[in-house]
Amino acid sequence: PSGSGKTTVVDVLLGLLGPQKGEIYYNGKDMMASLDEWRAQVAYLPQQVFLIDNSLRNNIALGMKDEEIDDVQIHKAIRQARLTELVKQLPGGVETILGERGVRISGGQRQRVALARAFYKQAQVLVLDEATSALDNKTENEVMESLELIGRRCTTIVIAHRLSTIRYCDRIYEFNRGQVVAHGNYEELQSRSSSFRELVELQRR
Numbered sequence: 001p002s003g004s005g006k007t008t009v010v011d012v013l014l015g016l017l018g019p020q021k022g023e024i025y026y027n028g029k030d031m032m033a034s035l036d037e038w039r040a041q042v043a044y045l046p047q048q049v050f051l052i053d054n055s056l057r058n059n060i061a062l063g064m065k066d067e068e069i070d071d072v073q074i075h076k077a078i079r080q081a082r083l084t085e086l087v088k089q090l091p092g093g094v095e096t097i098l099g100e101r102g103v104r105i106s107g108g109q110r111q112r113v114a115l116a117r118a119f120y121k122q123a124q125v126l127v128l129d130e131a132t133s134a135l136d137n138k139t140e141n142e143v144m145e146s147l148e149l150i151g152r153r154c155t156t157i158v159i160a161h162r163l164s165t166i167r168y169c170d171r172i173y174e175f176n177r178g179q180v181v182a183h184g185n186y187e188e189l190q191s192r193s194s195s196f197r198e199l200v201e202l203q204r205r
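Residue numbers (this note's numbering): 1 to 205.
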């Protein structure tokens, strides 16, 4: 549920907030002591996508110089994020200027640009904070199929209210009032957590 602490946990994982107690380690290293190294491994996709007033190409390869951009990888990321049809419709293709905050494309398309950015980076850890919330069900399913393929080579952390988004996650944690109240895969949570079962039934209606 909203306000249960999911995004706070992600802020801690990203090093935006320090843990109030305890420590976080990755590969045997204290995360807070090596934040730059840790963040270089992570791609973060928030619900509110940040886009610059520049081309689609430059928004996907955000922060890179033109001459450093790998266009083969750009087009691969576009396919993975299900943006191929959009690129065909844009007057300048990948060189089309998206406008301030991506004003020339829809909310769902902006989220797919952010997904393409993460795919392009080829991060070792991919964090999605309600990153598919503005997508229709068909597009979300297509994107999740891409994420399943990506997940075979990296760790994917998904925050979601829609259970369809987390249906095939290996491990699911249910939060309530800042606490983990249940965990397991989808089927295990249905048998262990009455609140999870209620949510499943509610979203089936």
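Heads up, the beta-carbon is just placed ideally off N, CA and C, and yes, glycines get one too.
Hey, out of the options, whose CA is closest to residue i's CA?
i	options	result
Ser4	Gly18, Val180, Ser194 and Tyr186	Val180
Ser34	Leu14, Val49 and His183	Leu14
Gln122	Glu100, Val113, Arg104 and Arg153	Arg153
Arg82	Arg117, Ile69, Asn58 and Ala182	Arg117
Glu140	Gly108, Ile157, Thr156 and Asp170	Gly108
Thr7	Asn58, Gly92, Thr84 and Ile157	Ile157
Tyr186	Asp170, Val9 and Glu68	Asp170
Arg79	Met144, Ser106, Asp36 and Thr155	Met144
Assign residue i to buried or exposed, taking buried as 16 or more other Cβ atoms, counted over all protein chains shown, within 10 Å of its Cβ.
i	result
Gly102	buried
Asn27	exposed
Arg110	buried
Gln89	exposed
Leu86	buried
Arg112	buried
Asn137	exposed
Gln20	exposed
Ser193	buried
For residue i, collect the residues of the same chain with a Cβ closer than 7 Å to its Cβ; drop the 5 residues on either side in sequence, then sort them by chain order.
i	result
Tyr120	Ile60, Ala61, Gln73, Ile74 and Ala77
Arg177	Ser4
Leu199	Leu163
Glu23	Asp30
Asp11	Leu17
Leu189	Ile172, Glu174, Ala182 and Phe196
With DSSP run on the structure shown, which of helix, strand or coil describes residue i?
i	result
Val158	strand
Leu115	helix
Asn137	helix
Leu179	Looking at the sequence provided, one finds Gln at residue 179 rather than Leu. It is a strand residue.
Lys29	strand
Ala43	strand
Tyr168	coil
Val12	helix
Val72	helix
Glu174	strand
Leu126	strand
Tyr93	Reading off the sequence, residue 93 comes out as Gly, not Tyr. It is helical.
Considering only residues of the same chain and omitting the five flanking positions on each side of residue i, which have a CB-CB separation below 6 Å?
i	result
Ala160	Ile166
Ala114	Leu45 and Val49
Gln203	Leu163
Can you name, in chain order, every residue of its own chain whose Cβ lies under 8 Å from the Cβ of residue i, other than the five neighbours on each side?
i	result
Gly92	Ser55
Ser221	With the chain running from 1 to 205 in the structure shown, residue 221 is simply not present.
Does any residue of chain D have a CB that is nearer than 8 Å to the CB of residue i?
i	result
Gln47	Absent here is chain D; the protein component of the structure consists of one chain.
>> Taking 8 Å as the cut-off, does the stretch 28-44 touch the stretch 116-133 (at least 3 CB pairs, one atom from each stretch)?
In response: yes
>> Is it the case that the stretch 48-59 contacts the stretch 96-116, given that we only count it when at least three CB pairs across the two stretches are under 8 Å?
In response: yes
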